[in-house]
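Report on the following structure.
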Amino acid sequence: MSIQRIALLSVHTSPLAPMGGMKTGGMNVYIRELAQELGKNEFHIDIFTRKSSPSEPDVDHSLGPKARVIYLQAGPATPLPPDEQYAHLSEFTANLMAFATVHNLHYDIVYSHYWLSGWVAAKLKEAWGICFVHMFHTLGHMKKRIHANEFYQPDRRILTEAHVLNWADRVIAATPAELAQLRWLYRAKRKQLVVIPPGVNVERFNSSLTAAEARKQLGIDPESHVLLFVGRIEPLKAVDTILEALHVLRERQPSLLKRLHFMIVGGDPESRRDLELQRLQDLSRKLGINQIVSFVGAKEQAHLPVYYSAATAVIVPSDYESFGMVALEAMACGTPVIASQVGGLQFLVRDRETGFHVPAREPISLTEAIIALVSDPAKSASMGASAARAAQAYAWSSIAKRLIEVFETVACQKLPRT
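Those letters in the sequence shown? Residues 1 to 418, by my numbering.
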């Protein structure tokens, strides 16, 4: 079947939200970039998301003539944690169906993202007789395992994820690791799963900007070394491990700190409600490294290439990453990545070729990787070049083509409209 119109569901977060904010990250980038790529290839894309502010328009056309973001009322028009949005999913679904009816829209396929959107997609399948493809991005079972010693009860989420697996016609796994997790923890059927990684915008993220030029743009000494973290500021991202590693570095080789600068892109340094960011700021002072640490806040995608290009290394020390979009963007800019050896990062970053793998929550191992890159410019340059080459395989043009093949296969199974 020839696909023409696709509904993308991103209930809990708008793909237009700035990176590094509350609940914004790789999934936002994925949906936005995929929609733009598909729009360039003559597909009509509607992205449905929840209205979280009265200032958000009903329809946003900024992604191009064939891709738009549609904000639907579902509960109060204020930011809500994902768990609190669950109670408003029926309203979201009803408003989505009403929008389609009023505008006489018929979709060939639904592509849903995250567990909340999967719930909505299952209801649309039941009402419309339309097949859907789903991508989880993160899994409740994995987060529960990571937070085993904390008060964390995602049982409703895990039950919903199991329900989505029963209803979805295909599930996209970002890596073989995620496929194994779905098989092991959720008993997913192998024939239902397809491994297709996220892509990267190689026109935006590339190695055309030198480190010295990028540092100059950021007001940093071109001869200095820059370590970089980009992402949401939350405990799962383990930014404190980087601070602890820099403390170890100060004890072992204090001379390296004289030309070292650590930049944290994410969060809102001016917000008193960002408790994790405040904790990290306090920790940097306690460890005596606050003079080399900068909290620069969340940045738009268009600004990130300068930060990536300025970095000697991008550090992704997360406890869990289903893929690692930040690592891929950094690689595309020709920057080595030091990543914890978890989830998709194990497959994306090639140890000692495009960066280093380090055990999660081990600051000493992280310190050793930092020293290896900072003290050996030739090694850093070689790894950066290898990273840029490896990233080319993830160009969105290739990834979108693979997804369309899945969509077309699934759409051929489309049930009669009821």
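Ideal placement from N, C-alpha and C gives every residue a C-beta, glycine not left out.
> Thinking just about the alpha-carbon of each residue, which of K40, R157, T49 is nearest to the one in L139?
Replying inline: R157
> Looking only at its own chain, which residues have a Cβ that is under 7 Å from the Cβ of Q4, when we skip the five neighbours before and after it?
Replying inline: F43, H44, D108
> Taking three-plus beta-carbon pairs below 8 Å as touching, is the region 197-208 in contact with the region 317-328?
Replying inline: yes
> Under the DSSP definition of a beta bridge, which residues are partnered with T49?
Replying inline: Y71
>> I need the straight-line Cα distance from A238 to L260, nearest angstrom please.
In response: 20 Å
> In this structure, does DSSP put R350 in helix, strand or coil?
Replying inline: coil
>> Applying the 10 Å Cβ sphere with the 16-neighbour rule, what's the burial state of R252?
In response: exposed
> What's the C-alpha gap between G343 and F323?
Replying inline: 7 Å
> Skipping 5 residues on each side, what residues in its chain have a beta carbon closer than 7 Å to that of T419?
Replying inline: The shown model of the chain, from 1 to 418, leaves out residue 419, and the question about it has no answer.
>> Does the contact criterion of 3 or more C-beta pairs under 8 Å hold for the region 35-42 versus the region 66-78?
In response: yes
> What are the residues that DSSP puts in a beta bridge with Y111?
Replying inline: L8, V133
> Count the other CB atoms within 10 Å of the CB of H61; is the residue buried (16 or more) or exposed (fewer)?
Replying inline: exposed
> Since R215 and S224 are thought to touch, with beta carbons under 8 Å apart, how far apart are those beta carbons, to the nearest angstrom?
Replying inline: 7 Å
> Around the Cβ of H103, are there at least 16 other Cβ atoms within 10 angstroms (buried) or fewer (exposed)?
Replying inline: exposed
>> In whole angstroms, give me the CA-to-CA distance for Y186 and D221.
In response: 50 Å
> Are there 16 or more other CB atoms within 10 angstroms of the CB of Q153, so buried, or fewer, so exposed?
Replying inline: Interpretation of Q153 is limited by its pLDDT of 49, a score under 50 that renders its predicted location unreliable; the figure taken from the coordinates is listed afterwards. With fewer than 16 Cβ atoms within 10 Å of its Cβ, Q153 is classed as exposed.
> CA-CA distance, A122 and R183?
Replying inline: 20 Å
> Is DSSP giving F92 helix, strand or coil here?
Replying inline: helix
>> Taking only three categories from DSSP, how would you classify D155?
In response: helix
>> Going residue by residue through the region 280-363, where are the continuous alpha helix (DSSP H) segments of at least 4 residues, counting only ones entirely within it?
In response: 304-310, 325-332, 345-348
> Hey, how far is the Cα of V226 from the Cα of A94?
Replying inline: 49 Å
> Where does D240 sit, in a helix, a strand or coil, going by DSSP?
Replying inline: helix
> Quick one: complete beta strand (DSSP E) runs, 3+ long, within the region 241-278?
Replying inline: 260-265
>> Taking a contact to mean a Cβ-Cβ separation below 8 Å, would you say V29 touches Q392 in this structure?
In response: no
> Straight-line CA distance for P176 to F347?
Replying inline: 8 Å
> Start and end of the beta strand (DSSP E) containing R170?
Replying inline: 170-173
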